[in-house]
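Enquirer: Before I ask anything, let me first share the structure, which is written out below as structure tokens.
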Amino acid sequence: MNILVYGAGAVGGYLGGKLAQSGQRVTLITRPDTAAAITGDGLTITEGDATFTPPLCAVGHPAAAFTDSTAYDLIILAMKSYDVAEAVAQLAALCPNPAQVMGTQNGIGVEEMVAGCFGAGRTLAGAVTIPISRQGPNRLVVERAGRGLGIAPVAPGQAVDEWVALFREAGINAGARADYRAMKWSKAFLNIMGNATSAILNRPPAELYRLRAIFDLEMSMLRETLAVMRRLEIAVINLPGATARPLARTLAYAPRPLLRLIFSQVIIHGRGDKMPSFHIDLASGKGRSEVVFHNGAIAAAAERAGLAAPVNAALNRVLLGLAQGELTPATFDGRPDRLVAVVERFRSGEVDL
Ligand SMILES: NC(=O)c1ccc[n+]([C@@H]2O[C@H](COP(=O)([O-])OP(=O)(O)OC[C@H]3O[C@@H](n4cnc5c(N)ncnc54)[C@H](OP(=O)(O)O)[C@@H]3O)[C@@H](O)[C@H]2O)c1
């Protein structure tokens, strides 16, 4: 197959690299400096004990991927959620009728953007549970084995078996899911744990989960999310290599001490002392954050459904304020009391800082 990966960093480089290694023809659209590094020295991927340099082609501008009559069987979007709108507009100008476009972003709302442009039948949803780090423009490391890729159609009932088989042949633990909203919301439910609080307070999630006030705030954030999912009739489902259902059930029924035990273990084993993605985004100084597609999207969906989600709304607002320079990092650095005070104000009906 002929595959294009647009916005190839950690996830795009890895998926494209694995597909290329399994014999598919793969082109990556990356930033020009990354394209130059890959063209010069190849893309090196380390996964477990194996390190490989797949045979692929990288270009530094989208137009360079459409210079001949090449038709792509699959276009994978692998930029961050906040870069998708611009990328989709660029792609539509170059390729108005792509065969199939698959988003791989974390967060809620990307599929609707893609389907709004290309149609639901041409849109696939992907949920990546494989942690991949970028250790240079052309060097990727898979941080943990045993994870995978969920693929769901955006048009109800559309078969995705062909795409699942493609990734499985490439050695990726891919699995089909019937309902893309269930898949993406369940992934978001897992992603938000210890993510915004860690970025705002500049502390690792495992440390924050030991603080009673922040632990309670995190549990409220998750309960708000499940309440929205219930109201929207979105099921909590497990993903390849990541389980969300047992956690959701625990949250509903377990007494507080048991909750602390279970969720602290989940955070310690899932994230350890590593800073999560919202923190990395904030530290990059890009001025944008995927929090908008997580806590922000959850709060917005809650409002539309007539529910209250003050914790999600407050986390989104504070982190966005920090990312955009409206708030100074020192205000919240190591100050859970200040974050808790903002959340209390949102709970009492204030909707701004
Ligand atoms: N990494 C993981 O472990 C992981 C796991 C699961 C899911 N995810 C999700 O997967 C998505 C991608 O994450 P990632 O970690 O792969 O991000 P990443 O390493 O930052 O890769 C995205 C790349 O796309 C580039 N880009 C953005 N817009 C572009 C455009 N118009 N043309 C060309 N290149 C463009 C970015 O360049 P600039 O940086 O210069 O903008 C960046 O190099 C996110 O939604 C993330 O949450 C990541």
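In short: position in the sequence shown from 1, add 10, done, that's the working numbering. We put the CB at the ideal spot given by N, CA and C, even for glycine. These figures come from a predicted structure and were not determined experimentally.
1. So does the region 16-34 actually touch the region 87-95, counting three or more Cβ pairs closer than 8 Å?
2. How long is the line joining the alpha carbons of G113 and Q31, rounded to whole angstroms?
3. Is E360 close to chain E? Criterion is C-beta to C-beta, closer than 8 Å.
4. Which runs of the alpha helix (DSSP H) fall wholly inside the region 105-170 and span at least 4 residues, in chain order?
5. How close, in whole Å, do the beta carbons of R241 and A315 come, if the pair is a contact with beta carbons under 8 Å?
6. Using CA coordinates, which residue listed in V98, V124, S358 and G70 is at the minimum distance from V40?
7. Any heavy atom of ligand 1 closer than 7 Å to the CB of S196?
8. What does the alpha-carbon distance come out to for the pair M229 and L261?
9. Between V350 and the rest of its own chain, which residues show a CB-CB distance below 7 Å, the 5 nearest in sequence each way excluded?
10. Quick check on the DSSP output: the alpha helix (DSSP H) that includes L232 runs from which residue to which?
11. Cutting at 7 Å between CB atoms, please list the residues of its own chain near R149, excluding the five before and the five after it.
12. When we look at the beta-carbon of Q275 and count the other beta-carbons within 10 Å, is it buried (16 or more) or exposed?
13. Less than 8 Å separating the beta-carbons of V120 and V94?
14. Relative to ligand 1, is the shortest distance from any of its heavy atoms to the C-beta of V69 smaller than 7 Å?
15. Checking the sheet assignment: what are the DSSP bridge partners for F177?
16. I need the DSSP call for E313, collapsed to helix, strand or coil.
17. Quick one: Cα of T133 to Cα of A186, how far?
18. From P163 to A135, what distance separates their C-alpha atoms?
19. Consult DSSP for R345 and reduce its assignment to one of helix, strand or coil.
20. Are the Cβ atoms of R266 and P215 separated by less than 8 Å?
21. Tell me the residue span of the beta strand (DSSP E) that contains L38.
22. Looking at V111 and ligand 1, is the gap between the Cβ and the nearest heavy atom below 7 Å?
23. Quick one, are the C-beta atoms of Q100 and D83 less than 8 Å apart?
24. Which residues in the same chain as A192 place their Cβ atom closer than 6 Å to its Cβ, once the five residues preceding and following it in sequence are excluded?
25. What are the residues that DSSP puts in a beta bridge with E57?
26. Taking the C-alpha atoms as reference points, what is the distance between A293 and Q115?
27. Any heavy atom of ligand 1 closer than 7 Å to the beta-carbon of S91?
Expert: Per the coordinate set shown:
1. yes
2. What you label residue 113 is simply residue 103 of the sequence shown in a count that begins at 1. What you label residue 31 is simply residue 21 of the sequence shown in a count that begins at 1. One C-alpha to the other measures close to 21 Å.
3. In the structure shown, chain E does not exist; there is a single protein chain.
4. 120-128
5. Within the sequence shown, residue 241 is the residue found at index 231, counting from 1. Within the sequence shown, residue 315 is the residue found at index 305, counting from 1. Sure, about 5 Å apart at Cβ, within 8 Å.
6. On the sequence shown, residue 40 is found 30 positions in, with the first residue counted as 1. Rather than Val, the amino acid found at residue 40 in this sequence is Thr. Ranking the options by Cα distance to T40, first place goes to G70.
7. Taking the first residue of the sequence shown as position 1, residue 196 is located at position 186. Flag unset: Cβ of S196 not near ligand 1.
8. Residue numbering aside, residue 229 sits at position 219 when the sequence shown is read from its first letter. Residue numbering aside, residue 261 sits at position 251 when the sequence shown is read from its first letter. Cα-Cα distance, rounded: 8 Å.
9. Position 340 of the sequence shown, counted from the start, is the residue given in the question as residue 350. Result list for V350: A223 and L227, in chain order.
10. Against the sequence shown, residue 232 aligns to sequence position 222. Run containing L232: R222 to R241, per the alpha helix (DSSP H) assignment.
11. Working through the sequence shown from its first residue, we reach residue 149 at position 139. These residues qualify, in order along the chain: T54.
12. The sequence position of residue 275 within the sequence shown is 265, counting from 1. Burial call: exposed.
13. Here residue 120 refers to the residue found at position 110 of the sequence shown. Here residue 94 refers to the residue found at position 84 of the sequence shown. Result yes, Cβ atoms of V120 and V94 sit closer than 8 Å.
14. Working through the sequence shown from its first residue, we reach residue 69 at position 59. Outside the cutoff, so no.
15. Along the sequence shown, read from residue 1 onward, the residue named residue 177 stands at position 167. F177 pairs with nothing; no bridge assigned.
16. Mapped onto the sequence shown, residue 313 falls at position 303. E313: helix per DSSP, three-state reduction.
17. The count along the sequence shown starts at 1 and reaches residue 133 at position 123. The count along the sequence shown starts at 1 and reaches residue 186 at position 176. Cα-Cα distance, rounded: 14 Å.
18. Sequence index remark: in the sequence shown, residue 163 carries index 153 (1-based). Sequence index remark: in the sequence shown, residue 135 carries index 125 (1-based). If I take the Cα positions, the gap works out to 6 Å.
19. Residue numbering aside, residue 345 sits at position 335 when the sequence shown is read from its first letter. The answer is coil: DSSP assigns R345 none of H, G, I, E or B.
20. As a first step, residue 266 is located in the sequence shown; it is residue number 256 there, counting from the start. As a first step, residue 215 is located in the sequence shown; it is residue number 205 there, counting from the start. No, the Cβ-Cβ distance between R266 and P215 is not below 8 Å.
21. Position 28 of the sequence shown, counted from the first residue, corresponds to residue 38. Unbroken beta strand (DSSP E) run through L38: R35 to I39.
22. Position 101 of the sequence shown, counted from the start, is the residue given in the question as residue 111. Not so, every heavy atom of ligand 1 lies at least 7 Å from the Cβ.
23. Within the sequence shown, the letter at position 90 stands for residue 100. Within the sequence shown, the letter at position 73 stands for residue 83. Taking 8 Å as the Cβ cut-off, Q100 and D83 do not qualify as a contacting pair.
24. Here residue 192 refers to the residue found at position 182 when the sequence shown is read from its first residue. Only I244, A245 and I247 meet the Cβ criterion.
25. In the sequence shown, counting from the first residue as 1, residue 57 sits at position 47. Paired residue(s): A60 and V152.
26. As a working note, residue 293 is residue 283 in the sequence shown. As a working note, residue 115 is residue 105 in the sequence shown. Cα-Cα distance, rounded: 20 Å.
27. Position 81 of the sequence shown holds residue 91. Answer for S91: yes, Cβ within range of ligand 1.
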